[in-house]
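First the structure, in the form of structure tokens, and then the observations on it.
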Amino acid sequence: MDFGIVLLLGQDGIVNGAVYGLMALALVLVFSVTRVIFIPQGELVAFGALSMVALNAGHTPATLWLLLALAAATLAVEGWRWKRGAAVNWKVTAVWTIAFPLAACALALGLRTASLAMQGLTALVIVAPIGPLLYRLAYRPLADATVLILLIVSVALHGVLVGLGLLFFGAEGSRTPPFSEARIEISGLMITGQSMVVAGVAAAFVVLMYLFFTRSIVGKALRATAVNRIGARLVGIPTDLSGDLSFALAALIGAVSGLLIAPLTTVYYDTGFLIALKGFVSAIVGGLGSYPIALLGALLVGQIEAFSSFWASAFKEVLVFTLIIPVLWWRSLRSRHVEDEA
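If you read the sequence shown in numbering that gives the first Met the number 0, its first letter stands for residue 0, the second for the next number, and so on.
Structure, rendered in structure tokens:
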């Protein structure tokens with residue numbers, strides 16, 4: 000292996016690690032606020048990419064009909080809760096179930112010949128609201144359940160969304176045109192514009208997430224809910240809306256990740272699951288609670304995957320997922336068990 004190959008593999012590791020870092024951010028965000036290990040995060044990646052493929056081909060993506068169906072079901076559930084005397088924030092409900100679906104319909108049905116950037120925006124508007132709608136339908140009724148029950152719901156929801164992905168998009172893979180055709184050569188290393196877009200968007204998301212959680216009132220409310228859900232509720236923070244927002248951000252991050260990887264690799268209906276698993280490994284490195292460490296874990300996963308694909312391509316996935324074993328072992332040594340606290 001010469002230095003040129005090392006640079007090439009390092010570049011691939013950074014690009015892959017940037018995508019896994021976005022996945023880790025979304026998973027840590029959702030888990031810290033709602034205690035949900037959101038396994039279907041990967042399906043949102045595939046939905047974002049394949050919705051973009053459909054729009055690029057001049058078709059209406061089937062995810063639009065999924066969004067409308069989820070919005071109608073959520074409206075029905077909220078109406079049923081309201082009749083039973085539960086408090087319903089109809090303004091926020093109208094945003095997720097009426098405003099976003101109408102905007103998605105207007106963009107998807109009226110702007111089929113738009114630019115690549117407008118098609119990407121349309122895909123984001125379609126996929127991002129799916130997150131809070133899934134939260135309201137599948138997770139909010141079980142907000143006080145154990146983490147194990149929430150995990151079982153996530154596994155079931157993953158199976159449903161994978162099946163819908165196969166129904167919507169078929170078994171054939173697809174790619175989209177890159178957002179940038181630029182190429183830069185540095186010391187013999189060819190860097191593509193799409194790779195720079197991936198790294199730049201990932202870095203921008205990290206900065207925006209940092210500013211959101213440290214400077215904005217809404218971000219601080221989400222942090223308070225993550226630290227102590229009951230305490231946040233006692234001081235007036237609407238924890239249900241915190242769940243809506245965390246799932247919306249996770250769905251947005253997933254859809255953006257799908258748009259970023261679609262020009263780099265062929266995306267299938269189940270491609271997102273493996274990407275989300277590697278993001279989950281990165282999040283585990285951060286203890287499902289630390290954003291910076293999760294990002295470092297994502298870069299580590301990306302580098303291990305890139306170099307193992309050169310040295311032992313047949314065992315690439317095995318080596319990546321084996322990383323979780325020493326991390327869990329180390330954390331088990333440093334944590335106190337429940338029976339020790341009794």
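Even glycine gets a Cβ: it sits at the ideal position worked out from N, Cα and C. Keep in mind the model is a prediction, meaning the values are calculated, not measured.
Tell me whether residue i is buried or exposed, calling it buried when 16 or more other Cβ atoms sit within 10 Å of its Cβ.
i, result
"Glu340", "Here Glu340 scores only 38 on pLDDT, less than 50, and its place in the model is too uncertain to base an answer on."
"Ser331", "exposed"
"Arg214", "exposed"
"Ser308", "buried"
"Ala342", "What is shown of the chain runs 0 to 341, which leaves residue 342 out entirely."
"Trp95", "buried"
"Ala311", "exposed"
"Ile260", "buried"
"Gly253", "buried"
"Leu327", "exposed"
"Val18", "buried"
Going straight from the alpha carbon of residue i to that of residue j, what length do you get?
i, j, result
"Leu221", "Gly242", "9 Å"
"Ala122", "Phe212", "26 Å"
"Leu299", "Gly16", "7 Å"
"Glu316", "Leu149", "27 Å"
"Val126", "Leu106", "13 Å"
"Leu6", "Glu184", "12 Å"
"Trp89", "Arg83", "15 Å"
"Thr92", "Gly20", "30 Å"
"Val87", "Leu136", "14 Å"
"Leu133", "Gly296", "28 Å"
"Leu147", "Gly278", "20 Å"
"Leu258", "Gly47", "6 Å"
"Asp143", "Val35", "11 Å"
"Met22", "Gly271", "10 Å"
"Leu74", "Ala155", "22 Å"
"Ile4", "Val206", "31 Å"
"Ile292", "Val284", "7 Å"
"Thr145", "Val152", "11 Å"
"Ser256", "Val197", "8 Å"
"Gln10", "Ala61", "35 Å"
"Pro140", "Leu8", "46 Å"
"Pro128", "Cys104", "13 Å"
"Pro262", "Ile274", "15 Å"
"Leu24", "Met208", "9 Å"
"Met189", "Met195", "11 Å"
"Leu294", "Ala203", "13 Å"
"Leu69", "Ala282", "28 Å"
"Gly199", "Ala85", "44 Å"
"Trp64", "Ile323", "38 Å"
"Ala98", "Val14", "35 Å"
"Asn227", "Trp329", "26 Å"
"Thr321", "Ile216", "39 Å"
"Met51", "Leu43", "12 Å"
Apart from the five residues just before and just after residue i, which ones in its own chain have a Cβ nearer than 6 Å to its Cβ?
i, result
"Gln302", "Gly12"
"Thr265", "Gly172, Arg174"
"Gly130", "Phe246, Ala247, Ala249, Ala250"
"Ala102", "Val124"
"Ala53", "Pro60"
Excluding the 5 residues flanking residue i on each side, which residues of the same chain have their C-beta closer than 8 Å to its C-beta?
i, result
"Tyr268", "Ala45, Leu49, Val161, Gly164, Leu165, Phe167, Phe168, Gly169, Ala170"
"Asn55", "Leu115, Gln118, Thr175, Pro176"
"Ala71", "Thr96"
"Pro325", "none"
"Val319", "Lys277, Val280, Val300, Ile303, Glu304, Ser307"
"Glu338", "Note that Glu338 has pLDDT 45, beneath the 50 cutoff, so the model's placement of it is unreliable and the number below is only indicative. Same-chain partners within the cutoff: there are none."
"Leu344", "Since the displayed the chain opens at 0 and closes at 341, residue 344 lies outside it and no answer follows."
What are the residues that DSSP puts in a beta bridge with residue i?
i, result
"Glu184", "Met189"
"Ser173", "Val266"
Among the residues of its own chain, which have a CB less than 7 Å from the CB of residue i, if the five just before and after it don't count?
i, result
"Thr33", "Tyr138, Gly242, Ser245"
"Thr224", "Val32, Ala231, Ile236, Thr238, Ser241"
"Gly192", "Pro177, Ser179, Glu180, Ala181, Arg182"
"Leu66", "Pro100, Ala103, Ile125, Pro128, Ile129"
"Gly218", "Phe211, Phe212"
"Leu108", "Thr59"
Any heavy atom of the ligand MN closer than 7 Å to the CB of residue i?
i, result
"Tyr134", "With respect to the ligand MN, the structure offers nothing, as it holds no ligand at all."
Flag this pair as touching only if the segment 148-161 and the segment 30-41 have three or more C-beta atom pairs under 8 Å; answer yes or no. yes
Does the pairing of the segment 175-186 with the segment 69-81 give three or more beta-carbon distances under 8 Å? no
Given 8 Å as the limit, is there contact between the segment 231-238 and the segment 14-31, that is, 3 or more CB pairs closer than that? no
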